[in-house]
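Visitor:
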Amino acid sequence: MTDTDIYGVLPEGLWSQPEIDLSSIPELDGIEPIQRIRQPASIVYDFIPGLATTRFLRGLAQKKLLGEKCPDSGDVYVPPRGVSPVAGLPTTEQVELPHKGSVASFCVVHIGFGTNAPPTPFCSALILLDGASVSVYGPIQEIEHDKVRIGMRVEPVWVDDADLSTSFESIKWWRPIDEPDVPAESLKGHM
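Numbering (numbering that gives the first Met the number 0), first residue to last: 0 to 190.
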């Protein structure tokens, strides 16, 4: 064992830190050492989409939900990546999907994050678009978080036309629509 090995984790307050000798730094005489600091962190990166993803993102800037169909199974993938993840075949047929879907899965979020996150608590959901074989992510709004349910029918709420961009942020959130729920069993395997 060395002095850098970790033996375990104890709750705060059950251990003591060694005293730090500050006597050689007169400017710090009487100043309490910092024990913890919180600092926001971020990562900026460039994403270079392929052709299929570029078509999808450009579609979002026009309020279109575009997928691509597998030539073998007929499954429609959103967002498309240009290849069927199951068959390994190119997906060259574009499909425009309707602006409706069903909640396939959700969770209630109690801890806020980022500047665009809704006030907590809110629901984060996987939405299975009508005609799609896999679901997309989005927050659910315009309904109390404890009223969201599997199978609930929803539609996207788009940003103002002037704010549309080649980003999933063109969809602000998803809201319920006045249609009957779909059976939860029909959503299995599409998450």
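Just so you know, even glycine gets a beta-carbon here, dropped at the ideal spot from N, CA and C.
#1: Any idea if Ala-124 is buried or exposed, counting beta-carbon neighbours within 10 angstroms, 16 or more meaning buried?
#2: Okay, do the segment 97-110 and the segment 146-156 touch, 3+ Cβ pairs below 8 Å being the bar?
#3: Where are the beta strand (DSSP E) runs, 3 residues long or more, that stay fully inside the segment 37-119, in chain order?
#4: Decide if Pro-78 is buried, meaning its Cβ has at least 16 other Cβ atoms within 10 Å, or exposed.
#5: For Ile-42, which residues from the same chain have a beta carbon less than 7 Å from its beta carbon, with the 5 sequence-adjacent residues on both sides left out?
#6: Would you give the residue range spanned by the beta strand (DSSP E) that Ala-124 belongs to?
#7: Taking only the alpha-carbon atoms, compute the straight-line gap between Ala-60 and Glu-31 and give it to the nearest angstrom.
#8: Tell me the rounded alpha-carbon separation between Asp-129 and Pro-117.
#9: On the DSSP bridge list, what partners appear for Gly-137?
#10: If you compare alpha carbons, which of Ile-142, Ser-23, Pro-25 is closest to Asp-177?
#11: Could you check if Tyr-44 is buried or exposed, using at least 16 other CB atoms within 10 Å of its CB as the buried criterion?
#12: For the beta strand (DSSP E) that Glu-154 lies in, which residues bound it at each end?
#13: Could you check which residue in Arg-57, Val-135, Val-94 has the C-alpha nearest to that of Ser-164?
#14: I believe Asp-71 touches Leu-50 by the beta-carbon criterion, under 8 Å. Please report the beta-carbon distance rounded to the nearest angstrom.
#15: Quick one, which of Thr-90, Leu-27, Lys-62 has its alpha-carbon nearest Asp-159's?
#16: Considering only the alpha carbon of each residue, which of Asp-20, Pro-25, Arg-35, Leu-64 lies closest to Ser-166?
#17: Reducing DSSP to helix, strand and coil, say where Ser-169 ends up.
#18: Do you know how far the Cα of Ile-47 is from the Cα of Val-85?
Guide: Looking at the atomic coordinates:
#1: Ala-124 is buried by the Cβ-count criterion.
#2: With the cut-off at 8 Å, the segment 97-110 and the segment 146-156 touch.
#3: Whole beta strand (DSSP E) segments, 3+ residues: 64-68, 92-96, 100-108.
#4: Around the C-beta of Pro-78, 16 or more other C-beta atoms lie within 10 Å, and the residue is accordingly described as buried.
#5: Cβ within range, chain order: n/a, list empty.
#6: Following the DSSP letters along the chain, one finds Ala-124 inside the beta strand (DSSP E) bounded by residues 121-128.
#7: Going from the Cα of Ala-60 to the Cα of Glu-31 covers about 53 Å.
#8: Each residue's alpha carbon lies about 25 Å from the other.
#9: Answer is Ala-124, bridged to Gly-137.
#10: Comparing Cα positions, the closest option is Ile-142.
#11: By the 10 Å Cβ count, Tyr-44 comes out exposed.
#12: 152-157 is the extent of the beta strand (DSSP E) around Glu-154.
#13: Cα-wise, what sits closest to Ser-164 is Arg-57.
#14: Wrong, their Cβ atoms sit about 20 Å apart, outside the cutoff.
#15: Residue Lys-62 holds the alpha-carbon nearest to the alpha-carbon of Asp-159 among Thr-90, Leu-27, Lys-62.
#16: Of Asp-20, Pro-25, Arg-35, Leu-64, the residue nearest in Cα terms is Leu-64.
#17: Of the three classes helix, strand and coil, the one that applies to Ser-169 here is helix, per DSSP.
#18: A straight-line Cα-Cα distance of about 23 Å links Val-85 and Ile-47.
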